[in-house]
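Below is one structure, written out as structure tokens, with a few remarks after it.
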Amino acid sequence: MLTKTPEQTFFVIDFDSTFTKVEALDVLGEISLVGRPDRDDALNQIKTITDRGMAGELSFTESLELRLKLLRAHRDQLPALIEALMGKISDSFQRNREFLVENAEHIYIVSNGFREFIVPVVASLGIKADHVLANTFVYDEAGNIVDFDRSNPLSANGGKPQVIRGLALDGDVYVIGDGYTDYEIRESGAAARFYAFTENVLRPRVVEKADFTAPSLDEFLYHNNLSRSQSYPKSRIKVLLLENVHPVAVQLFEQEGFNVEIRKGALDEDELIEAIRDVSILGIRSKTNVTARVLEHANKLMTIGAFCIGTNQIDLTACTERGVAVFNAPYSNTRSVVELAIGEIIMLIRGIVPKSNSMHKGEWDKSAKNSYEVRGKKLGLVGYGNIGTQLSVVAEALGMEVYFYDIVDKLALGNTRKCKTLDELLAVSDIISLHTDGRKENKNLIGEREFGLMKQGVIFLNLSRGHIVDIPALVNAIKQGKVIGTGVDVFPEEPKTNNEEFISALRDLPNVILTPHIGGSTEEAQANIGNFVPAKLLEYINNGSTYGSVNFPELQLPLLKNSHRLLHIHANVPGILAKMNNIFAKYHINIHGQYLKTNEQIGYVITDVAKEYADEVVQELKGIDNTIKFRLLY
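Counting from 1, one number per residue, gives the positions in the sequence shown under full-length UniProt numbering.
Structure representation (structure tokens):
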């Protein structure tokens, strides 16, 4: 489908930190200097010399002489070096092996490194040995590397332009490299373009001299409309992560080659509208609201990850209408919330908080008044989902009687008892803990009437959603003694950043534990979420799978092999699949696999097809009535 290499274009590729992720002589030093007491110091010197040479601050000949002197390497150490370099081939080169093999006649490796280790490494991806232009080592009788072939132009300054001219290539020459010597080819007029390759290292002086920057080989191929492993270079996929998501999430996205932007706090609507332009993946927690108005400005948005349990801060209907898949972390912080609930129940029923506050004032109040055990007490759970069920198991282990109410019919675990109505649960419970979802219908689920139904002296916890409880009603119940212990982790209005003041009528009330929405804020939970949510987002971006999405039809797709994958999102109306298949039949396209699932709003069709097809196919698929989004993977 994509244009192959034009006959008149040749590609000159650097080796160190371009074809591979590392500088080969640095790696050789790690091997040759084993056991030397000055190993670390020598390695640092070698790296410094390499960087200065690559940046053009040191003549190449001098750089090479200094490094070889420090290395004290031997011929017998080269096989270990080659093995190490095989594992350090740049990711985007490995992905695009097919391009390298198919266009081997037009690709040259031109390096100031050494043929002894370069040839076997590049040959593994289809590069021809006689297209490798590099230095060679000089050995003494014992096999020690003592020098380099000084007659080779690549051993001296300005050698690369001289070598390229000597090839007498009949066509344009495009250079891909990370060092100043690569730029010199373009500067001398021996190449038409120089691409600063930044996948592995970014050298500012080199980047500023380049015609273009290539964050990966995918990007270079995309820029030149050449066959590549990815339908869209990953460096062009922008990720915006808000609200201090765990660093492991940042790492996972960066490892994929995505362009990641991080902002510590939440953004209001206008700020998010400004920030979301050109963003493909948005990651948020609970304080950022993704509204329909925000989505109107999200010109490239493909998916949203909620790094938390709830998604009520996201307009799911608007996301679905625009073909934006939403994922969350429904299980990752369950244990953390349960432990907080158990801890607060014990603290509140023992009256620990007021006693601790008195002690800090120098007061000694050794008394059992309003201090009870949890054993034998009746715990009422409003909501029996992932957190409610696990809390019931832990509470039973502490000897509590557990009751629950849920609008969905749920199977009770252990000895837990189901209440038919919320009123029944409120009346029977000594301790009430809320674990409901954030749907709008649950606003003020617990108000004056519900507090009136509770036992005198009840313990009350809300670790679920802020808008579920009528705060003035809760304050009144506390002041009247109806509620003698309260734990609240979520609030109708919360500060967007840690620098804003928390304002609430619950402040300064007796035996009240207030926590800043940290139910899931443990290192373990945040690490779990940081791994779980990106995994779902990456499955969707890279494979099209929607398993675990809260708004898309759920499809778990097989890995893409020897096919192109066409992803078609459309309004759920009759006849779309038939129209798609008519197009495939019209162009005699062989279908390797096809998957369809719908929900009330949309249909999601995935078709794996043979690689050879006309460009018109994609345009006709995009032009089908009621198409929302179309994407291509290969």
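Here a beta-carbon is modelled for each residue, glycine too, at the ideal position from N, C-alpha and C. The structure presented is a predicted model; accordingly, all values stated were derived computationally and were not measured.
Own chain residues within Cβ distance below 6 Å of residue i, not counting five before or after
i, result
"residue 144", "74"
"residue 58", "52"
"residue 237", "258 and 280"
"residue 249", "530 and 534"
"residue 241", "262 and 283"
"residue 493", "none"
"residue 588", "none"
"residue 239", "253, 258, 260 and 281"
"residue 547", "554 and 556"
Cutoff 8 Å; reference residue i; Cβ partners in own chain excluding five residues on either side
i, result
"residue 479", "509"
"residue 139", "75, 145 and 146"
"residue 376", "399, 400 and 401"
"residue 158", "184 and 188"
"residue 101", "125 and 126"
"residue 122", "15, 19, 109 and 132"
Residue i (DSSP reduced to helix, strand or coil)
i, result
"residue 622", "helix"
"residue 505", "coil"
"residue 460", "strand"
"residue 533", "helix"
"residue 401", "strand"
"residue 528", "helix"
"residue 543", "helix"
"residue 407", "coil"
"residue 666", "The question about residue 666 has no answer, for the chain in this structure spans 1 to 634."
"residue 568", "strand"
"residue 563", "coil"
"residue 286", "coil"
"residue 433", "strand"
"residue 594", "strand"
"residue 418", "strand"
"residue 522", "coil"
"residue 74", "strand"
"residue 392", "helix"
"residue 2", "Model confidence at residue 2 stands at a pLDDT of 39, short of 50, so the residue's coordinates are unreliable; what they give is reported in the following sentence. Residue state, collapsed to three classes: coil."
"residue 377", "coil"
Alpha-carbon to alpha-carbon, residue j and residue i
i, j, result
"residue 318", "residue 292", "6 Å"
"residue 606", "residue 577", "10 Å"
"residue 496", "residue 330", "23 Å"
"residue 201", "residue 178", "7 Å"
"residue 412", "residue 380", "13 Å"
"residue 221", "residue 176", "11 Å"
"residue 90", "residue 553", "36 Å"
"residue 277", "residue 325", "17 Å"
"residue 506", "residue 372", "23 Å"
"residue 217", "residue 582", "36 Å"
"residue 524", "residue 203", "37 Å"
"residue 423", "residue 310", "25 Å"
"residue 334", "residue 387", "5 Å"
"residue 114", "residue 160", "14 Å"
"residue 72", "residue 33", "8 Å"
"residue 617", "residue 172", "32 Å"
"residue 22", "residue 84", "10 Å"
"residue 99", "residue 499", "52 Å"
"residue 69", "residue 134", "19 Å"
"residue 12", "residue 584", "39 Å"
"residue 136", "residue 148", "6 Å"
"residue 490", "residue 395", "22 Å"
"residue 593", "residue 580", "13 Å"
"residue 631", "residue 299", "14 Å"
"residue 426", "residue 471", "17 Å"
"residue 186", "residue 210", "9 Å"
Proximity test, residue i beta-carbon vs the ligand MG heavy atom, cut-off 7 Å
i, result
"residue 254", "Of the ligands one can find in the structure shown there are none, so the ligand MG has no counterpart to examine."
Residue i at chain C interface by Cβ criterion, 8 Å
i, result
"residue 573", "Checking the listed chains, one finds no chain C in this structure; it contains a single protein chain."
Cβ shell of residue i (< 7 Å), same chain only, five flanking positions each side left out
i, result
"residue 243", "265, 266, 284, 285, 287 and 288"
"residue 17", "23, 178, 200 and 201"
"residue 256", "234 and 538"
"residue 162", "153"
"residue 192", "172, 173 and 174"
* Contained beta strand (DSSP E) runs [length at least 3] in the stretch 108-145, N- to C-terminal order -> 132-135 and 137-139
* Counting Cβ pairs, one atom from each stretch, are 3 or more of them under 8 Å apart for the stretch 359-374 and the stretch 536-544? -> no
* Asked: Between the stretch 558-573 and the stretch 608-618, are three or more C-beta pairs nearer than 8 Å?
  -> yes
* Decide if the stretch 441-457 is in contact with the stretch 326-345; the criterion is three or more beta carbon pairs, one per stretch, under 8 Å apart. => no
* Where in the stretch 179-222 do unbroken runs of the alpha helix (DSSP H), each at least 4 residues long, occur, reported from the N-terminal end onward? -> 180-187 and 204-209
* Taking three-plus beta-carbon pairs below 8 Å as touching, is the stretch 20-35 in contact with the stretch 127-136? -> no
* **Ordered list of alpha helix (DSSP H) runs contained in the stretch 228-291, each at least 4 residues** => 247-255 and 269-275
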